[in-house]
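Each protein sequence line maps, in turn, to chains G and B. If you use this note's numbering, the first sequence corresponds to residues 1 to 406, in order. If you use this note's numbering, the second sequence corresponds to residues 407 to 657, in order. From the three backbone atoms N, C-alpha and C, an ideal C-beta is built for every residue, glycine too.
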Amino acid sequence: MSEIWADKYRPQELRELVGQPQAIREMLGWAESWRKGKPSKPALLLYGPAGTGKTAAAQVLAEQMGWDLVELNASDERTFSVINQVAGTAAATGTLFAGTEGKRLVVLDEADNVYGVADRGGYRAIEKLLERPQNPIVLIANDQYEIPWNIRAACLAINFRRVQQDAIVGALQRICRAEKIGVEPLALKVIAETAHGDLRSAINDLQALAEGKKRLTVKDVVLYRRDREANIFDVVSQLLRATTAKQARELLWSLDMPPEDVLAWIDENVPRVLVDPADLERVYEAIARADVFLGRTRRRQAYGMWGYASDMVTAGVAMARQGELKYVRFQLPSVITKMSRTKVARATRDGIARKVAKRCHTSSHVARKDFLPYLGVIFRHDKKTAERIAAELELGEAEVGYLVKA
Amino acid sequence: MVKLRMADSKGWKTCVSAMASLIEEATFKLTPEGVKMKAMDPSHVALVDFELPAEAFAEYGVKQTVSIGADLAEMNKIMARAKAEDEFTMELDEEKNRLVLTFKGTSTRKFSLPLIDISEAELPEPKLQFTATADIAAGVIQDGLRDAEIVGDNVRCELKEEGFSMLTESDTGATELKLQKGDAGLLKLSVKQPARAMFNIKYLIDMTKAVSSADAITINLGTNLPIQLDFPIAKGKGRLRFLLAPRIEAE
């Protein structure tokens with residue numbers, strides 16, 4: 001595979017970083033104070049949306065200052081002991097090349113990814129790290145408010161803004177020139193618009209569209225854009241025409257959608273295009289089995305089951321069909337529309353169930369399943385008792401209304 | 407067909423055990439001349455530099471250069487199962503992308519280890535101006551480090567004309583180890599300029615724990631520079647070198 005353009009054209013110097021002049025100035029000022037001694041805030045917090053250059057800026061800064069670079073990514077396991085050991089040691093030790101004279105930049109990427117950090121003492125380790133570091137530290141986050149305040153307070157926070165459209169177009173133009181690709185100016189504008197200030201995704205889109213081509217037109221870009229939005233329709237229709245299991249499975253790879261949603265789409269649309277009842281039976285069998293696997297995934301957090309669900313819903317469905325197809329317009333899964341229509345009612349119902357659960361010392365699941373139907377009967381037929389129950393449970397008007405109608 | 411055989415497994419066992427305490431994954435580069443491995447720990451404070459020439463092997467079948475990426479912790483677990491006197495063979499199973507390790511003693515035992523892909527960034531060679539060097543019995547260093555561990559996290563190593571010393575101070579106390587010229591543990595000493603620097607004890611313990619206490623460790627020091635430790639392997643034909651960056655002393 002060829003090199004990813006977003007890496008290939010990453011800035012070599014901080015001033016080449018696209019669209020972040022303010023952030024660059026602040027970073028350079030901070031780095032300079034590290035050179036002179038130790039700044040009052042030994043750590044930086046770079047925050048802002050994805051694809052705006054935070055990680056690139058940290059890496060380039062290290063290079064430019066001649067600092068050694070140690071990165072801890074979210075993919076590394078980030079427990080207290082790992083952060084303490086790897087980052088802690090890195091922050092207190094000189095370099096292999098220049099001893100105590102050398103500096104090392106310690107970068108903690110995705111510091112707001114509380115997944116791995118919060119519950120296993122990760123933030124406590126970061127706190128400790130910031131107490132008295134001998135080396136510069138950079139924390140990187142999308143959302144600065146996800147990070148505990150005391151850590152934020154110990155850092156100099158620098159905001160990375162969404163990159164302006166003009167700046168994105170300029171960056172894309174430079175890449176096109178370097179790759180010797182002729183391009184209609186409007187095409188780049190459309191890409192930049194789609195990216196919403198995310199330079200990395202703009203560059204990725206450009207590469208997907210233009211790599212290996214001599215010329216990129218507006219038409220290419222517009223088609224590509226529509227393609228991305230219409231993807232699920234394509235997947236469903238191609239799935240029915242897939243002739244091998246492999247082909248069917250691979251369809252999902254290009255689709256950015258969780259298996260639950262894919263299942264809903266296929267469940268809604270596939271049976272309606274089948275002609276032969278025997279096909280219908282086999283296809284539903286496959287969908288049902290996929291659903292069983294999804295249920296196991298959810299209940300047991302066993303994500304290994306996901307693969308089986310995906311295989312059943314793609315290859316299983318595709319191979320189950322043997323007969324003819326009729327043409328039907330695909331539609332949005334009814335389960336999605338139904339869920340959104342019933343959202344308020346479901347919230348009310350769950351609210352009542354929680355109140356019942358508390359009074360009756362049971363789970364809200366049991367309350368909903370076993371208690372609510374009887375409450376409904378009482379509310380419809382015995383007004384006096386209903387009033388007493390409503391008072392006891394402190395039910396609101398909407399909740400009483402729900403029970404009367406239920 | 408890549409095949410390496412050693413008359414006993416002790417040497418490889420020792421080396422892997424020392425490497426595994428510092429780094430998780432390593433790429434061994436097998437050239438017709440010998441095996442090389444160089445890697446930094448995740449914090450970039452320690453570097454392992456390992457070389458074992460073809461002569462050190464009883465049989466060395468490498469025609470072309472190949473790189474073998476391995477999980478060192480796994481390899482170490484396997485090597486721990488070997489008896490020191492077992493004849494030891496490593497073979498590359500290119501088809502299955504595995505490394506096959508065979509120990510031949512009273513019986514023949516086989517292990518296979520999946521190879522892993524490791525991105526190979528060429529490590530720059532640190533150029534350091536050491537000003538003092540000494541050969542010291544490994545047992546002395548190992549004892550000194552274990553003493554120091556009781557007291558603190560960091561130890562100051564010093565080489566002067568008079569000899570070698572290790573000093574640790576903390577709120578819980580202090581400990582000092584001294585080796586003077588003429589002491590049995592100090593095998594060689596050459597000081598151009600006195601040198602001292604402070605190092606993390608845990609790292610030093612990890613680096614030195616695999617060598618047998620009777621062997622000599624060659625230490626190179628420069629003031630506030632990394633410490634370089636060399637261990638004799640395969641009767642001096644190969645080298646196992648560790649570099650450790652100095653702690654920055656808090657003011």
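query: In chain order, which continuous runs of the beta strand (DSSP E) of length 3 or greater are located wholly inside the region 299 to 385 of chain G?
result: Along the length of the region 299 to 385 of chain G, whole beta strand (DSSP E) runs at least 3 residues long do not occur.
One or two residues paired with B:T539 in a DSSP bridge:
Walking along the second sequence from the start, residue 539 of chain B turns up at place 133. DSSP links B:T539 through a beta bridge to B:S596, B:N626.
Problem set entry | Counted within 10 angstroms of its Cβ, other Cβ atoms place B:H450 as buried (16 or more) or exposed | Translated into positions along the second sequence, residue 450 of chain B becomes position 44. B:H450 is buried by the Cβ-count criterion.
Exposure of G:N150, with buried meaning 16 or more beta-carbon neighbours within 10 Å: Your numbering for residue 150 of chain G matches position 150 in the first sequence. Flag for G:N150 reads exposed.
Next on the checklist: Give me the chain G residues within the contact set of B:L453, using Cβ-Cβ distance strictly less than 9 Å, ordered along the chain.
Outcome noted: Translated into the one-based positions of the second sequence, residue 453 of chain B becomes position 47. Under the 9 Å cutoff, chain G gives L96.
Query - Rounded distance between the beta-carbons of G:C155 and G:A210, thought under 8 Å - result: One-based indexing of the first sequence puts residue 210 of chain G at position 210. One-based indexing of the first sequence puts residue 155 of chain G at position 155. Not quite, the Cβ-Cβ distance comes to about 39 Å (not below 8 Å), so this is no contact.
Short-range partners of chain B found in the region 79 to 94 of chain G, where Cβ spacing is below 7 Å: Close to chain B, meaning a Cβ-Cβ distance shorter than 7 Å, are the following residues of the region 79 to 94 of chain G: V86, T89, A90, A92, T93, G94.
ask   = Going along the chain, which residues of its own chain have a beta-carbon closer than 7 Å to the beta-carbon of G:A157, five neighbours each way excluded?
value = By 1-based counting over the first sequence, the position of residue 157 of chain G is 157. Correct list, in chain order: L45, Y47, Q144.
Check: When the Cα of B:M583 is compared with those of B:L551, B:E567, B:A603, B:M604, which residue comes out closest?
Finding: The sequence position of residue 583 of chain B within the second sequence is 177, counting from 1. The sequence shown places Leu at residue 583 of chain B, rather than the Met named in the question. Comparing Cα-Cα distances from B:L583 to each of B:L551, B:E567, B:A603, B:M604, the minimum goes to B:L551.
- request: Flag G:E26 as yes if its beta-carbon sits less than 8 Å from any beta-carbon of chain C, otherwise no.
  value: Note that chain C does not occur in the displayed structure, where the protein chains are G and B.
Sequence-distant residues of its chain with Cβ nearer than 6 Å to G:A480 (five each side left out): No answer is possible for residue 480 of chain G: it lies beyond the span of chain G, which begins at 1 and ends at 406.
| message | Using beta carbons (cut-off 8 Å, strictly below), is G:R132 in contact with chain B? | response | On the first sequence, position 132 is the one that residue 132 of chain G refers to. Cβ-Cβ to chain B under 8 Å: yes for G:R132.
field: the region 590 to 606 of chain B: positions lying closer than 9 Å to chain G by Cβ
entry: When CB distances to chain G are screened at a threshold of 9 Å, the residues of the region 590 to 606 of chain B falling below it are A603, M604, F605, N606, in chain order.
- Query: Sorted by chain position, which residues of the same chain lie with C-beta nearer than 6 Å to G:P42's C-beta, five sequence neighbours on each side aside?
  - Reply: Position 42 of the first sequence, counted from the first residue, corresponds to residue 42 of chain G. P133.
DSSP three-state call for B:K502: helix, strand or coil? Here residue 502 of chain B is taken as the residue at index 96 of the second sequence, counted from 1. Shown here, B:K502 sits in coil according to DSSP, grouped into three states, outside any helix or strand.
- Message: With distance defined between alpha-carbon atoms, name the residue in G:G197, G:R152, G:D109, G:K214 nearest to G:P167.
- Response: Within the first sequence, the letter at position 167 stands for residue 167 of chain G. The amino acid occupying residue 167 of chain G in the given sequence is Ala; Pro does not appear at that position. Ranking the options by Cα distance to G:A167, first place goes to G:G197.
task = Might you give, ordered along the chain, the residues of its own chain that have their beta carbon closer than 7 Å to the beta carbon of B:A580, omitting 5 neighbours on each side?
result = Along the second sequence, read from residue 1 onward, the residue named residue 580 of chain B stands at position 174. Closer than 7 Å at Cβ, skipping near neighbours: V557, T574.
Can you tell me whether B:N503 is buried or exposed, with buried defined as 16 or more other CB within 10 angstroms of its CB? The residue given as residue 503 of chain B occupies position 97 in the second sequence. Classification of B:N503: exposed, given that the 10 Å Cβ count is below 16.
Exercise for the section: Identify which residue in B:A413, B:S571, B:N630 has its Cα closest to the Cα of B:E491. Expected result: Numbered from 1 along the second sequence, position 85 holds the residue referred to as residue 491 of chain B. For the set B:A413, B:S571, B:N630, the Cα lying nearest the Cα of B:E491 is the one of B:A413.
Provide the residue span of the beta strand (DSSP E) that contains B:I639, from first to last.
In the second sequence, residue 639 of chain B corresponds to position 233, counting from 1. Counting along the chain, B:I639 sits inside the beta strand (DSSP E) bounded by residues 633 to 639.
- Task: Using a Cβ cut-off of 8 Å, pull out every chain B residue sitting near G:E101, in sequence order please.
- Result: By 1-based counting over the first sequence, the position of residue 101 of chain G is 101. Here the neighbours are N630.
- Ignore the nearest five residues each way along the sequence and tell me which others in G:A398's own chain have a CB closer than 7 Å to its CB. Counting from 1 along the first sequence, the entry for residue 398 of chain G is found at position 398. T348.
- prompt: Can you list, in chain order, the stretches of the alpha helix (DSSP H) that have 4 or more residues and sit fully within the region 552 to 626 of chain B?
  reply: Correct list: 607 to 614.
**Asked** Got a sec: is the Cβ-Cβ distance from G:G66 to anything in chain B below 8 Å?
**Response** Counted from its first residue, the first sequence places residue 66 of chain G at position 66. Chain B, which has no Cβ nearer than 8 Å to the Cβ of G:G66, makes this no.
Problem set entry | Simplified DSSP assignment, three categories, for G:F80 | Counting from one through the first sequence, the residue named residue 80 of chain G turns up at place 80. Helix at G:F80.
Open item on the list: Is any non-hydrogen atom of the ligand MG found closer than 7 Å to the C-beta of G:P277, if you look at the structure I gave you?
Closed with: For the ligand MG, the structure offers nothing, since it holds no ligand at all.
message: If distances are taken between C-alpha atoms only, which option among B:F648, B:D589, B:E500, B:G644 comes closest to B:S571?
response: On the second sequence, residue 571 of chain B is found 165 positions in, with the first residue counted as 1. When each option's Cα is compared against that of B:S571, the closest is B:D589.
Where B:L519 sits in the DSSP three-state scheme = Position 113 of the second sequence, counting from 1, holds the residue named residue 519 of chain B. Looking at B:L519 - three-state DSSP - the assignment turns out to be strand.
Interface partners of G:V70 on chain B, CB under 8 Å:
By 1-based counting over the first sequence, the position of residue 70 of chain G is 70. Neighbours of G:V70 across chain B, judged by C-beta separation under 8 Å: P448, S449, H450.
Which ranges would you report for the beta strand (DSSP E) in the region 82 to 144 of chain G if only whole runs of at least 3 residues count? Inside the region 82 to 144 of chain G, DSSP marks whole beta strand (DSSP E) runs of 3 or more residues at positions 104 to 108, 137 to 141, from first to last along the chain.
Starting from B:E465, trace the beta strand (DSSP E) in both directions and tell me its first and last residue. Translated into positions along the second sequence, residue 465 of chain B becomes position 59. In the DSSP annotation of this structure, the continuous segment of the beta strand (DSSP E) that includes B:E465 starts and ends at 465 to 467.
- Taking DSSP as the reference, what is the three-state secondary structure of B:M481? As a working mapping, residue 481 of chain B is identified with position 75 in the second sequence. B:M481 falls in the helix class under three-state DSSP.
Exercise. Indicate whether G:V377 and G:A367 have their beta-carbon atoms separated by less than 8 Å.
Key: Here residue 377 of chain G is taken as the residue at index 377 of the first sequence, counted from 1. Here residue 367 of chain G is taken as the residue at index 367 of the first sequence, counted from 1. No. Outside cutoff.
Item to complete: May I ask you to report which of helix, strand or coil DSSP gives G:R162?
Response: Counting from 1 along the first sequence, the entry for residue 162 of chain G is found at position 162. In the displayed model, G:R162 falls within coil according to three-state DSSP, outside both helix and strand.
Practice prompt. Let me know if G:A58 comes out buried or exposed under the rule of 16 or more other beta-carbons within 10 Å of its beta-carbon.
Written response: Your numbering for residue 58 of chain G matches position 58 in the first sequence. Classified as buried, G:A58 has 16 or more neighbouring CB atoms from the shown chains inside 10 Å of its CB.
Exercise for review: For B:F648, write down the residues that DSSP places opposite it in a beta bridge.
Suggested key: By 1-based counting over the second sequence, the position of residue 648 of chain B is 242. According to DSSP, B:F648 shares a beta bridge with B:V454, B:L635.
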